[in-house]
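Numbering (this note's numbering), first residue to last: 1 to 204. Take a look at the structure set out below.
Next comes the structure, spelled out in structure tokens:
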């Protein structure tokens, strides 16, 4: 009996393993710029669209021409500070920060400097150059960093409402532009996204 039971168990295990090996997974390559929204959660499309909207709104407001009028021939230097994730989702905020940085740089209306973490790595490299390993002609100068005049920072928030198999999610990104000299808030803006998700056979 034990031998028969063992044979049956091995047969069942073999069938399970064979089924697993026979199963295939289909992979389709798509254009990275194509909008995809499989789960209804925050995704790469949301990040790019919100970043572009926020930056366009910020650079179209009155603080920029006022600053340019007061500093003829110059562009304000901007740095992106912290963006807090206050939503109910786990969101890679650094990807959103990079999208904002890209939109700022590509606007050509402001200058942009490295973040705090990025500056640390750059400074380490500069210190290494001054340890005698790099020629004086190609060595980066010390004490010549460009200081930021403004810091853009904010938060990402959500509100969730659910009823009878449908879920509504509001994403709201709040951003502020801070004058680093005076601590004044030069601009406040926000961008909202609303998604309606219909529940299928799977759980939320």
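Backbone N, C-alpha and C define an ideal beta-carbon position, used for all residues, glycine too. Model, not experiment: these values are computed from the prediction.
query = Does DSSP put residue 81 in a helix, in a strand, or in coil?
reply = strand
key: Cβ separation of residue 55 and residue 104, assumed to be a contact under 8 Å, to the nearest whole Å   = 6 Å
ask   = Would DSSP call residue 106 helix, strand or coil?
value = helix
message = Between residue 99 and residue 51, how many whole angstroms is the CB-CB distance? I'm expecting something under 8 Å.
response = 4 Å
ask   = From residue 187 to residue 48, what does the alpha carbon distance come to, in whole angstroms?
value = Distance between the alpha carbons of residue 187 and residue 48: 21 Å.
message = Assuming residue 116 is part of the alpha helix (DSSP H), what are its boundary residues?
response = 116-128
For residue 100, the three-state DSSP class (helix, strand or coil) = helix
query = Which one or two residues does DSSP pair with residue 176 in a beta bridge?
reply = As computed with DSSP, residue 176 is found in a beta bridge with 153, 188.
request  = Please list, in chain order, all residues of the same chain as residue 75 whose beta carbon is under 6 Å from its beta carbon, the five residues on each side excluded.
outcome  = 110, 111
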